[in-house]
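To start, the structure itself, in structure tokens.
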Amino acid sequence: MKVSIFFAFVIFMFVLNLFSPCTCKKDYGKEWVKDKLSLVNSKLGKYDKKKKIALISGAAIGALALISLIGGIYITKGRKSSIWHNSELNDTLYDVVLETVNQGNTDVKFAFQRGVKLDDAVPSEATFKKYLKQNIKDRNLNLTWQQEQELYGMIPYIRFNVERLAAFLR
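Numbering (mature numbering (1 follows the signal peptide of the UniProt record, and there is no 0)), first residue to last: -24 to -1, 1 to 146.
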């Protein structure tokens, strides 16, 4: 998703660049860039050839190092391990999810006893989130924010299971 947004932005900028000669009579951007380049050329003109090569190669190496650093951070950012790969938390969190499903089933049974329709009997996602928070608190689990968000990502599946069981209870 992030990559497609980036490419859409690049394509938008490219199309905007294609239409700029039609809309602008005087290109202020090109003049500004030319002024800055002439300023850099005049400063580089003061140095001899070896110093110029050293400055340009140093700037290129610095830019390459910065790009590599940013790319490395971006690539390794998404490689954090899942909560389900942690053997210590795996069974406990599985039990937390099952308890949440059971609490949802209990709510559905009580709703059917009161005569509520199927669509209204299934608890909302906010209710399931509240149940998950309470079950985590009851077990004294210290989860990180990312682990909690991954667990909250299970809410649509929990709701789906409760809806399926509610359809059989009707």
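Think of the CB as a built atom: it goes at the ideal place given N, C-alpha and C, for glycine as much as any other residue.
Taking C-beta atoms as the reference points, residue 72 and residue 98 fail to come closer than 8 Å. Within the same chain, 101, 104, 105 and 108 come within 8 Å of residue 131 by CB-CB distance, once the 5 residues on both sides are set aside. Taking every protein chain shown into account, the CB of residue 52 has fewer than 16 other CB atoms within 10 angstroms, so this residue is exposed. Contact annotation: the segment 107 to 122 touches the segment 68 to 84, with at least three C-beta pairs closer than 8 Å. Secondary structure of residue 16 (DSSP, three-state): helix. DSSP places residue 120 in no alpha helix (DSSP H); its state is neither H nor E. In this chain, residue 93 is not harboured by any alpha helix (DSSP H), its DSSP state being neither H nor E. If you draw a straight line from the Cα of residue 12 to the Cα of residue -21, it comes to about 33 Å.
With a 10 Å radius around the Cβ and a threshold of 16 neighbouring Cβ atoms, residue 83 comes out buried.
Residue 100 carries a coil assignment under DSSP once its states are collapsed to helix, strand and coil.
Here residue 24 carries a coil assignment [DSSP, helix/strand/coil]. Judged by DSSP in its simplified three-state form, residue 34 adopts helix. Contact between residue 20 and residue 28 holds: their C-beta atoms lie close to 5 Å from each other, under 8 Å. Counting every other CB atom within 10 Å of its CB across the protein chains shown gives residue 140 a total below 16, marking it as exposed.
Between the alpha carbons of residue 142 and residue 93 lies a gap of roughly 10 Å.
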